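*Asks:*
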Amino acid sequence: MDQGIVRVDDGWRVPAFRGLGVSQVVVDHELSLRIGSHEIALCTWAELVADQRSYRVAAWPQTNLAKAVELVRQVVAEVEVSDQGTLRVLFADGRRLRVPADDVRSAWTVAVRGQGFLTAKPGGGVQMNDVGSAAGL
Numbered sequence: 001m002d003q004g005i006v007r008v009d010d011g012w013r014v015p016a017f018r019g020l021g022v023s024q025v026v027v028d029h030e031l032s033l034r035i036g037s038h039e040i041a042l043c044t045w046a047e048l049v050a051d052q053r054s055y056r057v058a059a060w061p062q063t064n065l066a067k068a069v070e071l072v073r074q075v076v077a078e079v080e081v082s083d084q085g086t087l088r089v090l091f092a093d094g095r096r097l098r099v100p101a102d103d104v105r106s107a108w109t110v111a112v113r114g115q116g117f118l119t120a121k122p123g124g125g126v127q128m129n130d131v132g133s134a135a136g137l
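Residue numbers (this note's numbering): 1 to 137.
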């Protein structure tokens, strides 16, 4: 995919997020980060490293949501996904968000408007869908 989602040897890179700031953190049944016209949805827990500490954040049960909200206005440096299904988001200020694959359900979805989306498969792995199969993007 042209600079939106790029396949690399060990997974995927998503340069479409690079240099964009988090505009919203939405909490409902999942924790969503709106970044430009794109979105990262965290469907399970995530590890957020900030202030030289590690925090477990989740929408349900509500865990460390104040730390997640601190991501608003933070600029994304890199988004990468491993073939095993781990999502990593690196921020320009040094914060890091890591979401491992879940054994039972999809742990996360990365949606790039006009390009497609990546979804963690239950048990590990990644599914790639292009914009033709991604209604609403």
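Note that CB positions come from ideal geometry on N, CA and C, so glycine has one too.
Keep in mind it's a predicted model, so treat the numbers as computed, not measured.
#1: So if DSSP puts HIS38 in a beta bridge, which residue, or which two residues, is it bridged to?
#2: Looking at the strands, I want to know which residues DSSP matches up with ALA66.
#3: According to DSSP, simplified to helix, strand and coil, what is VAL131?
#4: Take the Cβ of SER37 as the centre, count every other Cβ of all protein chains shown within 10 Å, and call the residue buried at 16 or more, exposed below.
#5: Would DSSP call ALA111 helix, strand or coil?
#6: On the three-state DSSP scale, how would you describe ALA77?
#7: Hey, how far is the Cα of GLN24 from the Cα of ALA92?
#8: Are THR86 and ARG98 close, meaning C-beta to C-beta below 9 Å?
#9: Look up ALA120 in the DSSP assignment and say whether it is helix, strand or coil.
#10: Would the beta-carbon of GLN3 be found less than 8 Å away from any heavy atom of the ligand COA?
#11: Going by beta-carbon coordinates alone, are GLY4 and GLN127 separated by less than 9 Å?
#12: Please identify the residue among VAL131, ASP102, GLY123 and ALA77 whose C-alpha is closest to the C-alpha of PRO15.
#13: For ASP28 and VAL72, I'd like the C-alpha separation in whole angstroms.
#14: What span of residues does the beta strand (DSSP E) with PHE91 cover, start to end?
*Replies:* So, to answer that:
#1: HIS38 has ILE35 as its beta-bridge partners, per DSSP.
#2: Among the bridge pairs identified by DSSP, ALA66 is matched with none.
#3: Helix at VAL131.
#4: SER37 should be labelled exposed.
#5: Correct three-state label for ALA111: strand.
#6: Strand at ALA77.
#7: Using only the alpha carbons, I get a separation of about 17 Å.
#8: In contact: THR86 and ARG98 (Cβ atoms closer than 9 Å).
#9: ALA120 falls in the strand class under three-state DSSP.
#10: Ligands are entirely absent from the displayed structure, and the ligand COA is therefore not among its contents.
#11: In terms of Cβ geometry, GLY4 and GLN127 do not form a close pair [threshold 9 Å].
#12: Here the closest residue by C-alpha is ALA77.
#13: If I take the Cα positions, the gap works out to 17 Å.
#14: Counting along the chain, the beta strand (DSSP E) containing PHE91 begins and ends at 87-91.
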